[in-house]
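Undergrad: Please find one structure pasted underneath; my questions will follow.
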Amino acid sequence: MPAHICNACGTQFPPSETAPARCPICDDERQFVPPGGQSWTTHEALARSHFNCFRQHEPGLIGIGTVPSFAIGQRALLLATDKGNVLWDCISLVDDATVAIVEGLGGLIGIAISHPHYYSSMVQWAHAFDAPIHLHAGDREWVMRPDPAIEFWDGDTLSLADGVTLIRCGGHFAGGTVLHWAQGGERRGALLSGDIVQVIPDRKFVSFMRSYPNLIPLSAPAVERIGALLAPYPFDVIHGAWFDRTIPRGGKEIVQRSIERYVAAVRGDGTAELR
Ligand SMILES: [Zn+2]
Ligand SMILES: [Zn+2]
């Protein structure tokens with residue numbers, strides 16, 4: 014039986030004869046059902062029409078994305094640690110070439126994902142590499158394909174390897190997580206930020222939203238908490254959710270200044286807008 018994949022968000026569901034009636038990830042106010050309605054594919058069909066591409070962002074960090082772009086279009090990151098490779102975030106396609114290439118690089122010791130929009134085909138990846146999936150328990154309800162490979166963690170941080178720490182920031186999702194890589198950014202530190210700290214087109218700021226497609230903001234306290242949770246961690250580089258969303262320098266200062274800009278905007282008294 015095929016494990017159906019939602020064309021809109023890329024989430025894979027448990028194997029079934031017929032496609033699911035709906036996609037709860039797309040039905041949620043943070044995502045959307047396209048105007049033409051919900052549609053589905055399978056991993057087999059996706060592997061015939063698409064393939065994965067690879068790009069090294071910096072030594073020890075290789076992006077893996079799907080071409081042509083599929084669903085939300087994020088790319089995953091293969092991070093080399095002292096214990097072995099960690100896959101940060103995930104994509105819907107894990108084709109034969111990807112398995113061969115990642116195995117050739119040493120396989121995976123684990124998969125960690127920032128939030129449910131990137132859960133995608135995580136279970137198929139976990140099975141391909143016999144690796145556990147680390148998800149924050151705050152987003153347990155958004156797992157569409159339960160599997161013994163999924164391990165939920167609680168609290169604010171989880172260490173995956175030396176200098177590799179998951180930090181649960183919340184915000185966009187209750188369990189929204191970023192990955193701090195102390196040796197990244199040529200040892201100046203790097204933040205792998207998913208949608209939780211969103212790199213925006215000018216690369217001079219980041220932003221924070223409950224829903225990006227539906228333009229629903231977060232509260233000021235939620236964004237200030239993200240700043241407080243990141244405060245202890247030095248980083249200069251931010252690798253966002255897409256190949257081209259990287260801030261090469263000044264990441265820490267940019268996050269701080271972006272939080273200040275955001276909080277001023279949502280706490281404003283309307284002086285600027287109500288003239
Ligand atoms: Zn969906
Ligand atoms: Zn998202």
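The sequence shown maps to residues 14 to 288 in our numbering. Glycine residues also receive a C-beta, built at the ideal position from the N, C-alpha and C atoms. Quantities reported herein were computed from a predicted structural model and do not represent experimental measurements.
Check each candidate in 53, 30, 29 and 31 and name the one with the smallest Cα separation from residue 21.
TA: 53
Undergrad: Roughly how far, in whole angstroms, is the beta-carbon of residue 74 from the beta-carbon of residue 90, given that I think they are within contact range, below 8 Å?
TA: 6 Å
Undergrad: Can you give me the start and stop residues for the alpha helix (DSSP H) that residue 62 sits inside?
TA: 56 to 62
Undergrad: Residue 191 and residue 259 look like a contact to me (Cβ under 8 Å); what is the Cβ gap, rounded to whole Å?
TA: About 14 Å separates the two Cβ atoms, so there is no contact after all.
Undergrad: Smallest Cα separation from residue 220: which of 245, 251, 193 and 199?
TA: 251
Undergrad: Cutting at 6 Å between CB atoms, please list the residues of its own chain near residue 150, excluding the five before and the five after it.
TA: 165 and 167, listed in sequence order.
Undergrad: Beta carbon of residue 13: closer than 7 Å to some heavy atom of ligand 2?
TA: Absent from the structure is residue 13, since the part of the chain shown begins at 14 and ends at 288.
Undergrad: Would you check if the distance between the CB atom of residue 262 and the CB atom of residue 249 is smaller than 8 Å?
TA: yes
Undergrad: Does the distance between the C-beta of residue 21 and the nearest non-hydrogen atom of ligand 1 fall short of 7 Å?
TA: Relative to the non-hydrogen atoms of ligand 1, the Cβ of residue 21 comes within a distance shorter than 7 Å of at least one.
Undergrad: Which whole-angstrom value is the C-beta distance of residue 128 and residue 143, which I expect to be below 8 Å?
TA: Not really, about 24 Å apart at Cβ, beyond 8 Å.
Undergrad: May I ask you to report which of helix, strand or coil DSSP gives residue 242?
TA: helix
Undergrad: Using the C-alpha atoms, what's the distance from residue 57 back to residue 121?
TA: 22 Å
Undergrad: On the three-state DSSP scale, how would you describe residue 117?
TA: helix
Undergrad: Can you grab the Cα-Cα spacing for the pair residue 138 / residue 77, in whole Å?
TA: 13 Å
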